[in-house]
Amino acid sequence: MRGCFPSRLAAVVVAVLCAGCCLPAAAEDLLEVYAQARGADPVLSGARAVRGEQQELAVQARAQLLPQWSAQWSESHQRDDGRQHQLTHSLSQVLVDLSRLRSWDAARTLVSAEDARVRAAEADLCARVARAYFGVLTAQATLATAQAIEDVYGQQVAQAQSRFEARLSASLDVEQARAYHELARGSTAQAREELLDARQALAQITGRMPGELQPLAPELAMLMPEPADPQAWVTQALRDNP
């Protein structure tokens, strides 16, 4: 019984993991999950809102440097001549106002700072989404492996019980198989809880509980660098980083 156990366990585990790669075409990929997070993440939304406010202040500061035009319309009634209409307008331009120039320059500087803050928030969100996404995939693979091991140990319990009833093995084999099966069940339960935690961590970023996630490709094509000469890359690095 014990001699065939490792090979059978390996076969079951490999079969389960391979089956996990055949998910439906509707599975969400990393880019789709990231798009959901961009619309739901409060940190990124807050950074964008602050940038929008600062951009509006910059527009108002620039408006103070533009020509100012004003118009006024009036209508009066006279007993003899009837109605009289009058339209007056004026156009003014401040040639030099250092305070307004400084205000506009400060506003543009703040806009640049908010742009950098938004880019930093986007980069941080990308890292958090990737970490949570692959955390779910890892938890799924761990659960699949734990479940496969539990199933194999369950089969070992049934086989040990049958052999014991046929008086082909001792009761110690049955007790040992049951002990291993209980340990495997505990590992499966823990893996299931870890998967739930991983899915909830991703849901906190995207705003909803994720569905099926697209796993990594079973084989990743490795592209050769162009050029293939290491010295060429050293030369380019020295040229681009004086």
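With mature numbering (1 follows the signal peptide of the UniProt record, and there is no 0) applied, the sequence shown corresponds to residues -27 to -1, 1 to 215, in that order.
The C-beta atom is built at its ideal place from N, Cα and C for all residues, glycine as well.
Sequence-distant Cβ neighbours of Val23 in its own chain, meaning closer than 8 Å and more than five residues away, are Glu87 and Arg90.
Spanning the alpha carbons of Ala157 and Tyr126 requires a straight line of approximately 7 Å.
Look at Leu169 here: in three-state DSSP terms it is helix. Distances from the alpha-carbon of Arg151 to those of Glu167, Gln132, Arg165 and Ala194 put Gln132 closest. In this structure, the straight-line span from the alpha carbon of Ala79 to that of Glu167 is close to 49 Å. The beta carbon of Arg172 sits closer than 7 Å to the beta carbons of Val109, Met182 and Pro183 from its chain, once the five residues preceding and following it are set aside; these are given in chain order. In the DSSP secondary-structure assignment, Leu186 is bridged to Glu1.
Taking every protein chain shown into account, the CB of Trp206 has fewer than 16 other CB atoms within 10 angstroms, so this residue is exposed. Here Ala31 is buried. Its C-beta has 16 or more other C-beta atoms within 10 Å. Across the structure, Gln37 and Gly25 are spaced so that their CA atoms are roughly 19 Å apart. For Glu199, no alpha helix (DSSP H) segment is defined, and its DSSP state is neither H nor E.
For Val16, the closest C-alpha among the options Gln128, Gln28, Leu98 and Val84 is that of Leu98.
Counting only residues of its own chain and dropping the five nearest sequence neighbours on each side, Ala119 has a CB closer than 6 Å to the CB of Ser160, Thr161 and Ala164. With a cutoff of 7 Å on beta-carbon distance, Ala174 and Ala105 are scored as near each other.
Between Ser85 and Ala34, the C-beta spacing is not below 7 Å. In the DSSP assignment, Leu83 falls within the alpha helix (DSSP H) that extends over Leu71 to Glu138. Within the model, the alpha-carbon separation for Met197 versus Leu141 is close to 59 Å.
When C-alpha distances from Val102 are compared across Met195, Asp213 and Arg11, the shortest belongs to Arg11.
One thing to note: Glu1 has its Cβ within 7 Å of the Cβ of Leu186.
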